[in-house]
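Novice: Shown below is the structure under consideration.
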Amino acid sequence: MIAAVLKLNDNQAFWARSLRGILESPKATIGLVACLFLILAAAFGPYLVPQNPYDLAAIDFFDARLPPMSESMNGTLYLLGTDGQGRDMLSAMVYGLRTSMGVGLFAGVVALGVGTALGLAAAYFGGRIDTLIMRLVDLMLGFPTILVALMLLALLGQGVWKVVLALVIVQWAQFARAVRAAALVERGKEYVEAAASLGLSKPRILFGHMLPNCLPPIIVIGTLQIANAISAEATLSFLGIGLPITEPSLGLLIANGYQTLLSGQYWISVYPGLLLLALVFSINIVGDRLREVLNPRLAER
Amino acid sequence: MTVFIIRRVVQSLLVLFATSVLVFIGIYAIGNPIDIMIPADASAVEREAAIQALGLDRPLIAQYWSFLVDALQGDLGRSFVFNQPAVGLIFQRLPATLELAFVALAIALILGIPLGLIAGLRPKSVADETIMTGSILGFSLPNFWQGMMLIMIFSIWLGWLPSSGRGETGEIFGVTTSLASLDGLKHLILPATNLALFKLSLVIRLTRTGVRETMPLDFIKFARAKGLSERRIVSVHVMKNIMIPIVTVVGMEFGSVIAFAVVTETIFAWPGIGKLLIDSITVLDRPVVVAYLLVVVTMFIVINLLVDIVYSMLDPRIRLGDGQ
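Note that the protein sequences, when read in sequence, are chains S and X.
Heads up: the first sequence at position 111 corresponds to 111 in full-length UniProt numbering, and the numbers run straight through without jumps.
Heads up: the second sequence at position 20 corresponds to 20 in full-length UniProt numbering, and the numbers run straight through without jumps.
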């Protein structure tokens, strides 16, 4: 009971400390606001933009490659111009943002789950299980993520779930290593001993008591890894081995503009790129600040 | 020491073996090897004959064995497109990629170390804040988009530099390189900058952390007490200490530069192994894909192994830690 109350307070303090840390820095506050705005745009944007860019009836081929601020045949304004198929760029970007963010978030969260579970298991059981898991982690971290993702997709082929799978495979090891390190410190503390002497089950100690105390590194790495996942997906899609054309993410939109860039039609690749940059940059700014606030080793300096 | 090296070599061989199994399974078990190895326009009779000839009717283990035996002899199949040995193709294109990677790393170091010094020597100053925010921007910039923007600005709008290809190459000390001619240099600037910006942030951060850790140490205070100029303290005593971690990390990052060269080469049509890989994936030239994967993974394992061995010579704690 007392343990439960303490835990709750610790958790509240943790979230409050994170939020206060962000709000204390103007830069991080702007980053957080931008993140929230982009999340809202991805969630509700498709209902607000002038066009469903993937409804063939809504797009007009005669409107292809119009520069920003031009008007269509029937009078709608193309704020950011149109692409090679006559789609409104702004609408296509909002739909692309949704796809990019969805894939990045989902892959990041699954990697977090898998990595955390394996990291906790390695720290708690020790011995052979620990050695096995950590050898795998060393192996994964020895190769650059983009190379492993490239290898996997070169073998598996395109597809949303294949991209998610590849991203999870390249990202779980970061979480596992950090969680194991944090959990090893926690395992030696008195509250774990107390919980064990109360006769609580191993899973309950592991997930109910140790996990909440390992949260800071998980949150920091999670934020930065979601940004990485979004960036990696865009890169893979740009190379033509990521998402299929039926699921156009920001990376694919930029790739579409690559051909027309050379003939001076810059808007088809510049605007989706700026949006992608804004997304990854704002997440990274928040993540960087969280690392400063939550990492005690850095705070001492 | 010898035991440590033997253990690391055995580990590396195991990783290499595991990779070959994975690549084999990817190509032969998940993918359909018949589609991969036999041109699509072959007739039914030709297909049968080819399946017989390639031994695809044999059990998987037997197939893996002959794949392994061929691979160990440097035979990873012939490219369908170029009709020459896939491994040979990779080694033909490798110098262009290595050149790009080395020049990019050099640019990252030349720009990154001074910026990191400025940031680290005056923490919390405007210059520090600007450089550090810039470095977050640097690793947030999607590399492929940043390359396209370089093309847009410097090739299309300003018309200063060419946007694709390797240009004229010459020879310096018997090595064929773009650095030997003005045309080659012009072609190299944009792709190398594109790849360098990707590592620049890392160099800045490493340098800054190194400076901040070194400045409060006693030997710096002693050097000041001795009356050395601040410039000499930084350029000799601080630099000497922070170069070790920088060189180590950058050495280990060399592999990821090679991997990211795939993106740069695709954008700038640089004729290296990265562009070859993407082209081969697009036209389903699988023997080349397999050859790329195995050659690059082998390169990586060798680099990691060498870094570990050199490091264990410099710092005995590493091999002790591994034994526990």
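Quick reminder that beta carbons are idealized off the backbone N, C-alpha and C, glycines included.
Please read these numbers as outputs of a predicted model, since none were measured by experiment.
1) Quick check: is the beta carbon of isoleucine 193/X nearer than 9 Å to any beta carbon in chain S?
2) Could you work out which residue in Thr193/X, Pro123/X, Ser125/X, Leu105/X is closest to phenylalanine 144/X when comparing CA atoms only?
3) In terms of residues, what are the limits of the alpha helix (DSSP H) holding methionine 132/X?
4) Whole alpha helix (DSSP H) runs in the stretch 232-262 of chain X with 4 or more residues, listed along the chain?
5) Answer with buried or exposed for isoleucine 6/X, where buried requires no fewer than 16 other C-beta atoms within 10 angstroms of its C-beta.
6) So, does the stretch 248-263 of chain X touch the stretch 118-138 of chain S, judging by three or more C-beta pairs under 8 Å?
7) Can leucine 190/X and phenylalanine 139/X be called in contact, C-beta distance under 9 Å?
8) Suppose only complete runs of 4+ residues qualify. What are the alpha helix (DSSP H) ranges in the stretch 247-286 of chain S, listed by chain order?
9) Check whether the Cβ of alanine 259/X lies closer than 9 Å to any Cβ atom in chain S.
10) For the alpha helix (DSSP H) holding alanine 122/S, just list the boundary residues, first then last.
11) With distances taken between CB atoms, is the gap from valine 168/S to valine 103/S smaller than 9 Å?
12) Classify proline 192/S as buried or exposed, calling it buried when 16 or more other Cβ atoms lie within 10 Å of its own Cβ.
13) Assuming cysteine 35/S is part of the alpha helix (DSSP H), what are its boundary residues?
14) For the stretch 265-277 of chain S, which residues have a beta carbon sitting closer than 8 Å to at least one beta carbon of chain X?
15) State the start and end residues of the unbroken alpha helix (DSSP H) segment that holds tyrosine 64/X.
16) Within its chain, find whatever has a CB closer than 7 Å to the CB of isoleucine 242/X; leave out the 5 residues flanking it on each side and keep chain order.
17) So which of Asn304/X, Ser312/X, Val310/X, Tyr311/X has the shortest CA-CA distance to leucine 13/X?
18) Taking 8 Å as the cut-off, does the stretch 180-188 of chain X touch the stretch 159-166 of chain X (at least 3 CB pairs, one atom from each stretch)?
19) Kindly indicate if chain S contains any beta-carbon less than 9 Å away from that of glycine 323/X.
20) Along the alpha helix (DSSP H) that carries tyrosine 191/S, what are the first and last residues, could you check?
21) Going by alpha carbons, who is nearest to alanine 71/X out of Phe102/X, Ala127/X, Phe24/X?
22) With distance defined between alpha-carbon atoms, name the residue in Leu243/S, Gln265/S, Leu141/S, Ser18/S nearest to phenylalanine 300/X.
23) Using Cβ-Cβ distances below 7 Å, what residues of the stretch 229-263 of chain X are close to chain S?
24) Compare the Cα-Cα distances from leucine 276/S to each of Gln171/S, Pro244/S, Phe238/S, Leu261/S and report the closest residue.
25) Give the single residue among Gly273/S, Ser282/S, Asp55/S whose Cα lies nearest to the Cα of isoleucine 152/X.
26) Isoleucine 136/X: which of Leu105/X, Gly26/X, Phe102/X, Leu197/X sits nearest, CA to CA?
27) Identify which residue in Gly199/S, Gly108/S, Leu279/S, Lys189/S has its Cα closest to the Cα of phenylalanine 37/S.
28) Going by the beta-carbon positions, is the gap between leucine 195/X and glycine 112/X smaller than 9 Å?
29) Output, in sequence order along the chain, the residues in the stretch 132-143 of chain X whose CB is closer than 9 Å to any CB in chain S.
30) Three Cβ pairs or more, each shorter than 8 Å: is that satisfied between the stretch 245-258 of chain S and the stretch 193-213 of chain S?
31) Please report the Cβ distance between methionine 93/S and leucine 253/S, rounded to the nearest whole angstrom; I am assuming they are in contact, meaning their Cβ atoms lie under 8 Å.
32) Between the C-alpha atoms of residue 341/X and glutamate 129/X, what's the straight-line distance to the nearest angstrom?
33) Mind listing which residues of the stretch 228-260 of chain S have their C-beta closer than 7 Å to chain X's C-betas, in chain order?
34) Tell me the start and end of each unbroken alpha helix (DSSP H) in the stretch 193-246 of chain S that is at least 4 residues and wholly inside, in chain order.
35) If you follow the alpha helix (DSSP H) that alanine 149/S is in, where does it begin and where does it stop?
36) Using 8 Å as the cut-off, classify the Cβ of isoleucine 233/X as near or not near the heavy atoms of the ligand HEM, replying yes or no.
Specialist: This is what the structure gives:
1) Per the sequence presented here, residue 193/X reads as threonine, with isoleucine not at that position. No, threonine 193/X lies away from the interface with chain S (no Cβ there is under 9 Å from its Cβ).
2) Checking every option, the nearest Cα to that of phenylalanine 144/X belongs to Thr193/X.
3) Here the alpha helix (DSSP H) through methionine 132/X covers 126-140.
4) If only complete runs of 4 or more residues are kept, the stretch 232-262 of chain X shows no alpha helix (DSSP H) anywhere.
5) With fewer than 16 Cβ atoms within 10 Å of its Cβ, isoleucine 6/X is classed as exposed.
6) Short answer: they don't touch.
7) No, the Cβ-Cβ distance between leucine 190/X and phenylalanine 139/X is not below 9 Å.
8) Listed in chain order, they are 250-261.
9) Answer yes: the Cβ-Cβ gap between alanine 259/X and chain S drops below 9 Å somewhere.
10) Alanine 122/S: member of the alpha helix (DSSP H) spanning 89-125, first to last residue.
11) If you check the CB distance, valine 168/S and valine 103/S do not come in under 9 Å.
12) The displayed chain sequence assigns valine, not proline, to residue 192/S. With 16 or more Cβ atoms within 10 Å of its Cβ, valine 192/S is classed as buried.
13) Run containing cysteine 35/S: 26-48, per the alpha helix (DSSP H) assignment.
14) Listed by position along the chain: Tyr266, Ser269, Val270, Gly273, Leu276, Leu277.
15) Tyrosine 64/X -> alpha helix (DSSP H) spans 60-72.
16) Take isoleucine 242/X, set aside five residues on each side of it, and the residues of its chain with a beta-carbon closer than 7 Å to its own are Thr207, Gly210, Val211, Thr214, in chain order.
17) Nearest of Asn304/X, Ser312/X, Val310/X, Tyr311/X to leucine 13/X, Cα basis: Asn304/X.
18) The answer is yes - the stretch 180-188 of chain X touches the stretch 159-166 of chain X, with three or more Cβ pairs under 8 Å.
19) For glycine 323/X, the pLDDT reaches just 42, beneath the cut-off of 50, and the residue's location in the model is therefore unreliable, leaving the point undetermined.
20) Unbroken alpha helix (DSSP H) run through tyrosine 191/S: 190-197.
21) Closest by alpha carbon: Phe24/X.
22) When each option's Cα is compared against that of phenylalanine 300/X, the closest is Leu141/S.
23) Answer set for the stretch 229-263 of chain X: Gly255, Ser256, Ala259, Phe260, Val262, Val263.
24) Leucine 276/S has its Cα closest to that of Phe238/S, out of Gln171/S, Pro244/S, Phe238/S, Leu261/S.
25) The amino acid at residue 152/X is misidentified as isoleucine; the sequence shows methionine. That would be Gly273/S, whose Cα lies nearest to the Cα of methionine 152/X.
26) Isoleucine 136/X has its Cα closest to that of Leu197/X, out of Leu105/X, Gly26/X, Phe102/X, Leu197/X.
27) Its Cα nearest to that of phenylalanine 37/S, the residue Leu279/S stands out among Gly199/S, Gly108/S, Leu279/S, Lys189/S.
28) The Cβ atoms of leucine 195/X and glycine 112/X lie no closer than 9 Å to each other.
29) Taking 9 Å as the Cβ-Cβ cut-off against chain S, the residues of the stretch 132-143 of chain X that qualify are Met132, Thr133, Ile136, Leu137, Phe139, Ser140, Leu141, Pro142, Asn143.
30) Contact between the stretch 245-258 of chain S and the stretch 193-213 of chain S is absent: fewer than 3 CB-CB pairs across the two stretches fall below 8 Å.
31) Rounded, the Cβ-Cβ distance is 7 Å, consistent with contact.
32) The structure shown does not extend to residue 341/X, since chain X spans only 1 to 324, so no value can be given for it.
33) So the list reads Ser231, Ala234, Thr235, Phe238, Leu239, Gly240, Ile241, Ile254, Tyr258, given in the order they occur along the chain.
34) Taking 4 residues as the minimum length, the alpha helix (DSSP H) runs contained wholly in the stretch 193-246 of chain S are 215-238, in order along the chain.
35) From DSSP, the alpha helix (DSSP H) with alanine 149/S extends over 145-156.
36) Although the ligand HEM was asked about, the structure shown includes no ligands whatsoever.
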